[in-house]
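Taking it in order: structure first as structure tokens, then the write-up.
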DNA sequence: TTTTGTAAGTAAGTTTTACTCACCTTTTGT
DNA sequence: ACAAAAGGTGAGTAAAACTTACTTACAAAA
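Residue numbers (this note's numbering), protein chains in the order written: chain A, 121 to 321; chain B, 121 to 321.
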């Protein structure tokens, strides 16, 4: 659960940087420990001084990226007033981050969820914070009558998170650019007003 | 791209069945070729007669499951008339399938997307059919004025697919039951009418 | 019937790769 | 000053994916 604080030894920093760089061009499976070590200018053994195993390295690198991302999201939402503005800020910040930091996006969306160890990692703890933030905004929106009173906060959180992830999934996988602004306002528009043509807009 | 047709040799059938069973209790990484072979009552070598590698086996098993799933979805949507009813049928059928067939769900949602080879596989070809079906229903709904004219079919398809996946993700990962009916109607309700309290419902 | 070609299946390697362990070297607290 | 801990090394191990050379069954052509 401990994070990479300022006083990390240079070896650890180099290992994480090396791995992060390699993730830019290859997927997790095809990156070898030998490659990471060589690229970092350290020996293979040192990797296992700081990381339980290869997966643990993945999780710590994700945690590092997610920490920055989460504080950005928190700042952006704090700057907004209404519930829907806060939610749009989250959607926009998320898509922006996934669009700009493809390594982060690929790790989060494609690489970690297949291993049980991830769900005990400090990285997953941050993801839980992130989804809790969304639920809290939703609950607040219901309390302030900005959202319909019968809204299910858990379900809405999942719909929003699912929409964010699936909207950029193809772009992340095939390394294409995403029109973040259009996607973001599109998602918020659907979630706000729905798509059914009921003559009310 | 070739599927497992009726005339598959018994060895291949046993290998796929063995692997599918093992996926019920373990994740892909932790299943070994030796284990699959032993469980199937064949030798390791035979696996490489029918499958390029371990990942190819995974993809072919997913293809097998997805073929059944897709035809179910096609039948169910064909039985509905309106656009929203068709979409609800898809959401319901998807959540039902993921809830009942956890091996299928885990492979699709957690195991395949990390490898580039998947996106050349016959399994991914079926996924493309599935998402195209959703888009076609949406386009039809727009044409028939059931949906708002400014709806983006690609975006709506992604929002719906993302909502489906994220709604059952936690249950699939932690092997818990899902209230399929409630989740399905909840998603459709959000997507149809939105969550914003605008005094119009 | 013999031959020939192919698909099903085997068994023993080989190689790659994640991980370990015993050992140095440098820093730090008392 | 010196013990102890932290940073770092490099050779070695074990396991698992994959290969390859081989055998057996079997159907169709000659």
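Think of the CB as a built atom: it goes at the ideal place given N, C-alpha and C, for glycine as much as any other residue. All values derive from a computational prediction rather than experimental measurement.
Tell me which same chain residues have a C-beta within less than 8 Å of the C-beta of residue i, skipping the five on either side of it?
i, result
"residue 279 of chain B", "311"
"residue 257 of chain B", "197, 203, 206, 207 and 210"
"residue 269 of chain B", "262"
"residue 283 of chain B", "211, 307, 310 and 311"
"residue 215 of chain B", "284, 287, 288, 298, 300, 303 and 304"
"residue 154 of chain B", "164"
"residue 290 of chain A", "296"
"residue 281 of chain A", "251 and 254"
"residue 277 of chain B", "251, 254, 255 and 258"
"residue 192 of chain B", "213 and 217"
Given that residue i touches chain B, what residues does it touch there, using C-beta distances under 7 Å?
i, result
"residue 273 of chain A", "The contacting residues do not exist; residue 273 of chain A stays about 10 Å from chain B at best."
"residue 317 of chain A", "265, 266, 267 and 268"
"residue 256 of chain A", "Under the 7 Å cutoff, chain B gives no residues; its nearest Cβ is about 15 Å from residue 256 of chain A."
Apart from the five residues on each side of it in sequence, which residues of its chain come closer than 7 Å, Cβ to Cβ, to residue i?
i, result
"residue 87 of chain B", "There is no way to answer for residue 87 of chain B, as the model of chain B reaches only from 121 to 321."
"residue 156 of chain A", "135, 138, 139, 142 and 167"
"residue 175 of chain A", "235 and 237"
"residue 249 of chain B", "190"
"residue 292 of chain B", "218, 222, 225, 226 and 229"
"residue 200 of chain A", "206 and 209"
"residue 178 of chain A", "148, 227, 231 and 232"
"residue 239 of chain A", "none"
"residue 274 of chain A", "255"
Name the chain A residues that come within less than 8 Å of residue i, Cβ to Cβ?
i, result
"residue 301 of chain B", "The contacting residues do not exist; residue 301 of chain B stays about 13 Å from chain A at best."
"residue 149 of chain B", "234 and 235"
Counting only Cβ pairs nearer than 7 Å, list the residues of chain A close to residue i.
i, result
"residue 281 of chain B", "286"
"residue 312 of chain B", "314, 315 and 316"
"residue 208 of chain B", "Correct list: empty, because the minimum Cβ distance to chain A is about 12 Å."
"residue 231 of chain B", "234"
"residue 112 of chain B", "Lying before the first or after the last residue shown, residue 112 of chain B is absent from chain B, which here runs from 121 to 321."
For residue i, count the other beta carbons within 10 Å of its own beta carbon; 16 or more makes it buried, fewer makes it exposed. Which is it?
i, result
"residue 188 of chain B", "exposed"
"residue 314 of chain A", "buried"
"residue 163 of chain A", "exposed"
"residue 243 of chain A", "buried"
"residue 122 of chain A", "Low confidence applies to residue 122 of chain A: its pLDDT is 39, below 50, so where it sits in the model is not reliable enough to give any reading."
"residue 172 of chain A", "exposed"
"residue 271 of chain A", "buried"
"residue 220 of chain A", "exposed"
"residue 148 of chain B", "buried"
"residue 126 of chain B", "Here the model assigns residue 126 of chain B a pLDDT of 47, short of 50, so the residue's position is not dependable, and the following value carries that caveat. Under this definition residue 126 of chain B is an exposed residue."
"residue 252 of chain B", "exposed"
"residue 169 of chain B", "exposed"
"residue 151 of chain B", "buried"
"residue 264 of chain A", "exposed"
"residue 146 of chain B", "exposed"
"residue 158 of chain A", "exposed"
Going along chain B in order, which residues have a C-beta closer than 9 Å to the C-beta of residue i?
i, result
"residue 193 of chain A", "By Cβ distance, chain B contributes nothing, its closest Cβ being about 17 Å from residue 193 of chain A, past 9 Å."
"residue 239 of chain A", "293 and 294"
Once the 5 residues before and after residue i are set aside, which same chain residues still bring their CB inside 6 Å of it?
i, result
"residue 217 of chain B", "189"
"residue 224 of chain A", "185"
"residue 131 of chain A", "162 and 166"
"residue 128 of chain A", "none"
"residue 246 of chain A", "186 and 190"
"residue 318 of chain B", "none"
What residues from chain B crowd round residue i, counting only those whose CB sits closer than 8 Å?
i, result
"residue 307 of chain A", "275 and 279"
"residue 204 of chain A", "316"
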